[in-house]
Amino acid sequence: DQQVKQNSPSLSVQEGRISILNCDYTNSMFDYFLWYKKYPAEGPTFLISISSIKDKNEDGRFTVFLNKSAKHLSLHIVPSQPGDSAVYFCAASGGSQGNLIFGKGTKLSVKP
Amino acid sequence: DSGVTQTPKHLITATGQRVTLRCSPRSGDLSVYWYQQSLDQGLQFLIQYYNGEERAKGNILERFSAQQFPDLHSELNLSSLELGDSALYFCASSVAVEAATEQFFGPGTRLTVL
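Chains as they are written, first to last, in my numbering: chain F, 1 to 112; chain W, 1001 to 1114.
Structural data, given as structure tokens:
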């Protein structure tokens, strides 16, 4: 049973517009969430994280929002750039899950 | 460049064989994690070592084993290989023992079992 779900396998956005990537989780004990970005032939790289005591964390063009009641988080990229084209993984940990649980990823394509 | 190195980049072998994947963590990192990414799947956590000791186990098959050496590099041993073991295997490292921290990933080893 997947505890972290990224229901959109892919997303296409025009350059300069906002990209919104979504992630749902089922384990209410999760208290730390991360987003990783992965380019082809490379390992995932850390992008941004959020603790459950917050509902928003911002780093430059990247903002992560956490809605604990809905067990939902989202990553906003504004403005989107072609170099943002990659697979984005959502991950969570907490409770008995001391390790990171990853979603299956969403492939973002930013078109010039 | 994350500072985590993995060798080899590619490995092609036959069913029933045994292979060893190697990982060198970032300088100063004591934790090493192994993940498996099969086709259309997210990263599945296999096992974590911290400063030479096994720290946590995930969905690691009994045919798989790992160890972390005194110089902190780690090896993942896969034996009696099956077609379904074909996947990307990633190693990650972090400073802390807690997995809920930024992990730095290597470029991965692509294993193909024929």
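Idealized CB from N, CA, C, for every residue including glycine.
Just so you know, these numbers come straight off a predicted model, no measurement behind them.
(request) Please classify K38 of chain F: is it buried, with 16 or more other beta-carbons within 10 angstroms of its beta-carbon, or exposed? (result) Buried: at least 16 other Cβ atoms inside 10 Å.
| query | How is G1052 of chain W classed by DSSP in three states: helix, strand or coil? | reply | In the structure shown, G1052 of chain W sits in coil (DSSP, three-state: anything other than H, G, I, E or B).
Please list the segments of the alpha helix (DSSP H) lying wholly inside the region 1009 to 1051 of chain W, counting only runs of 4 or more residues, in order along the chain.
List check, alpha helix (DSSP H) in window: nothing returned.
**Request:** Taking only the alpha-carbon atoms, compute the straight-line gap between Y36 of chain F and Q2 of chain F and give it to the nearest angstrom.
**Result:** One Cα belongs to Y36 of chain F, the other to Q2 of chain F, and the distance between them is close to 18 Å.
What does the alpha-carbon distance come out to for the pair V1113 of chain W and N57 of chain F?
Between the alpha carbons of V1113 of chain W and N57 of chain F lies a gap of roughly 42 Å.
- Tell me whether the beta-carbon of R1022 of chain W lies closer than 8 Å to the beta-carbon of L1078 of chain W. The Cβ atoms of R1022 of chain W and L1078 of chain W do not sit closer than 8 Å to each other.
Identify, in the order they occur along the chain, each residue of the same chain with its Cβ nearer than 8 Å to the Cβ of I18 of chain F, setting aside the five sequence neighbours on each side.
The residues are H76, I77, V78, P79 and S80.
- Query: Which residues in the same chain have their Cβ closer than 7 Å to the Cβ of E15 of chain F, if we skip the five residues on either side of it in sequence?
  - Reply: Only residues of its own chain outside the window of five on either side were considered, and among them S80, Q81, P82, V110, K111 and P112 have a CB closer than 7 Å to the CB of E15 of chain F, listed in chain order.
Query raised in the report: When you compare only the Cα positions, how much space is there between I53 of chain F and L1081 of chain W?
Result: For the pair I53 of chain F and L1081 of chain W, the Cα-to-Cα distance works out to about 44 Å.
| query | What does DSSP give as the partner residues of S19 of chain F in its beta bridges? | reply | Beta-bridge pairing links S19 of chain F to F:I77.
In chain order, what residues of the same chain lie with their CB nearer than 6 Å to the CB of V13 of chain F, ignoring the 5 residues before and after it? Listed in chain order, the non-local C-beta contacts of V13 of chain F below 6 Å within the same chain comprise S19, S80 and V110, local neighbours out to five positions each way being set aside.
When DSSP labels each residue in this structure, what does L1081 of chain W get in the three-state scheme?
-> In the three-state DSSP reduction, L1081 of chain W falls in the coil class, being neither helix nor strand.
| query | Can you give the Cα-Cα distance for S1038 of chain W and D1071 of chain W, rounded to whole angstroms? | reply | Between S1038 of chain W and D1071 of chain W, the C-alpha separation is close to 29 Å.
Discussion item. On the criterion of 16 or more Cβ atoms from any shown chain inside 10 Å, does Q1068 of chain W qualify as buried, or is it exposed?
Written reply: Buried: at least 16 other Cβ atoms inside 10 Å.
- Any idea which residues DSSP pairs A1087 of chain W with across the strands? Residue pairing for A1087 of chain W: DSSP places it in a beta bridge opposite W:L1111.
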